[in-house]
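Enquirer: According to my numbering, the sequence shown is numbered sequentially starting from 15.
Note that the Cβ used here is the ideal one computed from N, Cα and C, for glycine as well.
All of these numbers come straight from a predicted model, not from anything done at the bench.
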Amino acid sequence: MRAKIYVTPRKGVLDPQGKAIEGSLHSLGFKEAGEVKMGKYLTIELKGVTPSEARQRVQKMCEKLLTNPIVEDFTFEIEE
């Protein structure tokens, strides 16, 4: 089983990396590029747990270590 985790800046939080990428895209001629948010993508292999347990454990992993809940949001999916 594998977890795919997506971490993004919370809405309204300044994202300097996203702004830099947005500016660079515009300077390269990609004027259609709107607001850019720079995030993280993680995969974690999970062993010896049921899908329900995996969801609970990954939720806790994100809350305790993988994200900063003050400035980041996360979503995840579990692949069996």
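(1) From C76 to G48, what distance separates their C-alpha atoms?
(2) Just verifying my parser: in three-state terms, what is the DSSP assignment at A47?
(3) If you count every other CB in all the chains shown that lies within 10 Å of the CB of T57, and 16 or more means buried, which is it?
(4) Can you tell me whether DSSP reads P83 as helix, strand or coil?
(5) For E67, which of helix, strand or coil comes out of DSSP?
(6) Quick check: the Cα distance between I19 and V85, rounded to an integer number of angstroms?
(7) Where does L60 land, buried or exposed, given buried means 16+ other C-beta within 10 angstroms?
Expert: The short version:
(1) Indexing the sequence shown from 1 puts residue 76 at position 62. Indexing the sequence shown from 1 puts residue 48 at position 34. Taking the CA atoms as reference points, C76 sits about 28 Å from G48.
(2) Looking up residue 47 in the sequence shown gives position 33. DSSP places A47 in coil when its eight states are reduced to three.
(3) Residue mapping note: residue 57 aligns to position 43 of the sequence shown, counting from 1. Its Cβ having fewer than 16 others within 10 Å, T57 is exposed.
(4) Within the sequence shown, residue 83 is the residue found at index 69, counting from 1. P83 falls in the coil class under three-state DSSP.
(5) Locating residue 67 in the sequence shown gives position 53, counting from the first residue. E67: helix per DSSP, three-state reduction.
(6) Taking the first residue of the sequence shown as 1, we reach residue 19 at position 5. Taking the first residue of the sequence shown as 1, we reach residue 85 at position 71. Distance between the alpha carbons of I19 and V85 is about 16 Å.
(7) Along the sequence shown, one-based indexing puts residue 60 at 46. By the neighbour-count criterion, in which a residue is buried when 16 or more other Cβ atoms sit within 10 angstroms of its Cβ, L60 is buried.
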